[in-house]
Amino acid sequence: MIGKIANPDQTASRKNEANPDQTQQDTKEPMNETISQNISDTQRLTRARAKILREQNKNPEFKTHFDVGANVEIASKDEDIYVKWYPGIVLKTDIRNGVGMLKVEYSTRFQTKRKKTKKLRKSVSIHSIRPQPPPGDTKGFELMDKVDAYHNDSWCSGEVHIILCNDIYSVRFNSSTEFIKFNLSDLGIPKEWVDGVWKMEKEIEVQQTQSVKPRQDDHAKKGKPVVGMKRKATAHPGKPVVGMKRKATAQPYRPLYINGNKIEKDFFEYLDNAENNLKEKHVDAAFAMLNQKRIEQSSWFSEQGIPKACFVPVQFLETVGYCYKNLQKPDKKGINILKGWVGEVVRGLIRPNKMWMQDVDIVYGVVHERLVDHFIGVEIHLMENKITIFHCGVHKVKENSVIQKLAVLIPAIKLEMMNEEINFNDIVPFQVKKAEGLPKTKLPFNCGLFVVKMLECRSLGLKKMSSINDDTAMDLRSKLCCEMFDQFMDKDFQEGCRR
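Counting the sequence shown from 1 gives a position; my numbering is that position plus 12.
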């Protein structure tokens, strides 16, 4: 708790009791109660108040989860906007402008301008601190699992993209294109410090979708009105009492998750900037939204005769491509493409829970050429054995190695789904062709947006895409932001009501 500060009115009244004449003057001129005709008196009053504030801030009664000397981790954001957690210790608790602050010392030694190293000390907000996570039992990870990796004296969040031998994993950090190899001992299961308790990220996501709002039947059992239903007024509302304020009820903070990733405001701000090319997480969010629409409006899609389709994350097609060497030269265990995350997606075990060749006839995805930050749209027609690619016109069309591998790997996946023997030399590759009559952009930062919208139109059977152009790109960005927010915030909110 913060120490009490002397009330200015009480201070003035005590001063007026000693000087009745001054009281009479203040009654006539209330605006001058803190101003004296003698300038030195005003200065003494100001200094007295400043002294009170200094004394109040010296030993504030400030309770936190962190005692002085506690081992903690301190959050720091780099230029790529992903968080690093550095180890450190708490030196002092403090309050600044009503905000809880902690003075900490980093365990890591940082280099100064004079090329010397020292331990950095600074005051940080209590929201940028967490205790050291408890040790976890990490027996191993699968492809695309989210992990915390210890790199350059800090913990960073990333995803597993390649599993090597001897418990070595290739991990890509969020918002980065670099792959780094880690031993299993340097990886951990992601956790978040929420309201003084460690929680798994998946646990928080489930809590968001299931506990956003009480169920209607719960209200009915307790005899409370159901939210969203109007109730007839039985009496005229009373007049508000002048001078009284209604105490605001603080709404608990509930994070927004898309594809298991916690979304901040800068996710939408970046997308709504006309000179930013979409990142992989934006493409994945757009695809997740399109999948969800097909789930919620499945009867409409069926009545319109629109082919059964699904959208896969950016990393999916790339991960499938990693199986090409095993397809050429199988190991002792034989060819097994449908293992881990790839198998869960193809068999419909995870969202969007659509099994290929049963619930899905067409698969939509993208291939990201990271060196030039260029997206290529991909339509895989499972029944017609063909792959159609979508270019936005920024770069010259060249053969992409991932797509050429997919032409062989997709038929192999079909054979494995049907429990048939796979022989590399007997595989008939899918036909690869380029879509024609597509909109073109002259601006590299519109590439990702164009590809997403082209695949959306294609999945709906729309042939005319003239509305996708550089002049309408800004409007398309803003509309995409609103659609995704509505889908994953409002829709989940309503889903929580129905459960």
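Glycine residues also receive a C-beta, built at the ideal position from the N, C-alpha and C atoms.
- Here DSSP, grouped into helix, strand and coil, assigns Pro342 to coil.
- A Cβ-Cβ contact shorter than 7 Å links Cys459 with His386.
- By DSSP's assignment, Leu114 forms a beta bridge with Thr105, Val136.
- Here Val326 carries a helix assignment [DSSP, helix/strand/coil].
- A check of alpha carbon separations from Lys158 across Pro319, Lys366, Gly170 identifies Gly170 as the nearest.
- The region 135–143 makes no contact with the region 175–189, as fewer than three CB pairs between them are under 8 Å.
- When the Cα atoms are used, Cys469 and Ile86 turn out to be separated by approximately 45 Å.
- By the criterion of a C-beta distance shorter than 7 Å, Phe457 is surrounded in its chain by Glu287, Asn288, Asn289, once the five residues flanking it on both sides are discounted.
- In the structure shown, the three-state DSSP call for Ile270 is strand.
- In this structure, DSSP gives His294 a helical state, which the three-state scheme calls helix.
- Annotation: the region 411–436 contains the following complete segments of the alpha helix (DSSP H) (minimum length 4 residues), in chain order: 413–429.
- Non-local beta-carbon contacts of Pro202 in its own chain, meaning distances under 8 Å to residues more than five positions away in sequence, involve Lys158, Val159, Asp160, Ser169, Met212, Glu213 in chain order.
- Residues of the same chain with a CB within less than 6 Å of the CB of Glu276, apart from the 5 flanking positions on each side, do not exist.
- Non-local C-beta neighbours of Met301 in its own chain, meaning closer than 8 Å and more than five positions away in sequence, comprise Glu495, Met496, Gln499, Phe500, ordered along the chain.
- Nearest to Gly360 by C-alpha distance, out of Phe323, Ser413, Leu132, Pro423, is Phe323.
- Ile422 has its alpha-carbon roughly 8 Å from the corresponding atom of Pro441.
- The alpha carbon of His403 has as its nearest neighbour, out of Asn397, Ala298, Leu394, Gly389, the alpha carbon of Gly389.
- For Tyr376, the three-state secondary structure derived from DSSP is strand.
- Per DSSP, reduced to three states, the secondary structure at Gln144 is coil, with no helix or strand assignment.
- Segment contact: the region 345–360 against the region 295–311, fewer than three CB-CB distances shorter than 8 Å; contact not assigned.
- Within the same chain, Cβ atoms closer than 7 Å to the Cβ of Asp371 are found at Lys320, Gly360, the five residues on either side in sequence being excluded.
- Beta-bridge partners of Glu171 (DSSP): Lys158, Arg184.
- The residue from Val358, Lys476, Leu474, Thr453 with its alpha-carbon nearest to that of Met486 is Thr453.
- Going by DSSP, Val390 is part of the beta strand (DSSP E) stretching over 386–393.
- For Tyr334, the three-state secondary structure derived from DSSP is coil.
- In terms of Cα proximity to Asn437, the closest of Ile101, Pro342, Phe280 is Pro342.
- Following the DSSP letters along the chain, one finds Phe313 inside the alpha helix (DSSP H) bounded by residues 310–315.
- Per the DSSP secondary-structure output, His163 pairs in a beta bridge with Ser166.
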